[in-house]
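Notes to accompany the following structure.
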Amino acid sequence: MSAPESALDLVPVLPVVVIDDLATAVPIARALVDGGLPAIELTLRTPAALDAIRLIAAEVPEIALGAGTIVTPSQASAAVAAGAGFLVSPGCTPALLAAMQDTGVPFLPGTSTVSEVMSVLEAGVTEMKFFPAEAAGGAPYLRAVSGPLPQARFCPTGGVTPASAPGYLALPNVGCVGGSWLTPADAVAAGDWERISKLAAEAAALR
Ligand code: 3PG
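When we follow my numbering, the leftmost residue of the sequence shown carries the number 1, and every step to the right adds one.
And the structure:
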């Protein structure tokens with residue numbers, strides 16, 4: 001899939017996925033698509049991550065494929081070279097923001113304070129991740145931020161659950177939420193792709 005226009009408006013719940021075993025990458029991506037969530041934030045937290053991006057880009061081109069946990073400028077370009085169509089970072093530095101902008105693909109820089117949101121806005125970027133969402137103030141925080149900074153739109157991630165997601169999704173400044181609950185480690189270990197599809201279908205119906 002080519003790069004989307006926005007990483008916030010793809011799906012109501014963006015699956016945050018950690019790939020330990022490369023062999024699970026394509027079945028996970030297919031299970032998410034089958035369940036009705038054709039998007040993935042594949043985190044660069046494991047040695048298999050970049051290969052997993054390459055593999056999914058080749059085998060499951062219909063999924064909107066993003067790379068997450070981008071914490072250094074070189075990871076931004078490496079992820080896009082591997083096939084990522086959008087980027088997500090847990091936090092943001094000026095160098096990382098510039099590197100993500102240079103790639104030309106949509107990206108969600110991580111923010112958790114009003115000043116960080118203002119810095120990102122100052123760079124001309126209005127879409128961002130709010131991380132760690134539950135620990136940093138949750139939905140009440142985002143509701144409060146929408147007063148002075150209505151142009152900022154968020155993907156809250158970190159501690160979000162199927163129970164708390166609808167409260168976030170009802171906010172005017174939330175495009176989607178992110179969560180790792182769609183790919184439970186035991187389901188991945190057991191190759192239970194049907195369970196992942198079912199979790200995806202439930203999440204797709206949250207809005
Ligand atoms: C992330 O990288 O965005 C978070 O680790 C996902 O948080 P969660 O596991 O609480 O959904």
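Even glycine gets a Cβ: it sits at the ideal position worked out from N, Cα and C.
Local conformation of residue i per DSSP, three classes
| i | result |
| --- | --- |
| E5 | coil |
| G212 | A query on residue 212 cannot be resolved here, the shown segment of the chain reaching from 1 to 207 and no further. |
| R195 | helix |
| V105 | coil |
| V80 | helix |
| V88 | strand |
CA nearest to the CA of residue i, picked from the options
| i | options | result |
| --- | --- | --- |
| E127 | V114, P106 and V18 | P106 |
| A78 | G167, A98, L44 and C92 | L44 |
| L96 | V160, A144, E116 and I70 | I70 |
| F131 | V88, S164, A76 and T72 | V88 |
| A189 | A23, S6, E5 and L8 | A23 |
| I19 | P172, R207, P184 and A205 | P184 |
| V160 | P150, L149, K129 and P172 | K129 |
| V114 | R143, G104 and T103 | R143 |
| L171 | W181, E116, P150 and T46 | P150 |
Cβ distance (whole Å) where residue i is taken to contact residue j below 8 angstroms
| i | j | result |
| --- | --- | --- |
| C92 | V120 | 6 angstroms |
| M100 | P109 | 7 angstroms |
| V60 | L42 | So it is not a contact: roughly 11 angstroms between Cβ atoms. |
| L55 | A76 | About 20 angstroms; that fails the 8 angstroms criterion. |
| A7 | F86 | 4 angstroms |
| L169 | R207 | 5 angstroms |
- Contact the segment 4 to 13 vs the segment 161 to 176: 3+ CB pairs below 8 angstroms: yes
- Query: Are the segment 14 to 33 and the segment 47 to 66 touching by the rule of at least three beta carbon pairs closer than 8 angstroms?
  - Reply: yes
- Task: List in chain order: all unbroken beta strand (DSSP E) runs of 3+ residues lying wholly within the segment 8 to 69.
- Result: 13 to 17, 39 to 43 and 64 to 68
- Message: Any contact between the segment 70 to 86 and the segment 42 to 51? By contact I mean 3 or more CB pairs, one from each, below 8 angstroms.
- Response: yes
- Query: Are at least three pairs of beta-carbons, each pair with one atom in the segment 35 to 48 and one in the segment 178 to 198, less than 8 angstroms apart?
  - Reply: With the cut-off at 8 angstroms, the segment 35 to 48 and the segment 178 to 198 touch.
- Can you list the alpha helix (DSSP H) stretches of 4 or more residues lying completely in the segment 130 to 194, in chain order? Complete alpha helix (DSSP H) runs here, min 4: 138 to 145, 165 to 169 and 185 to 190.
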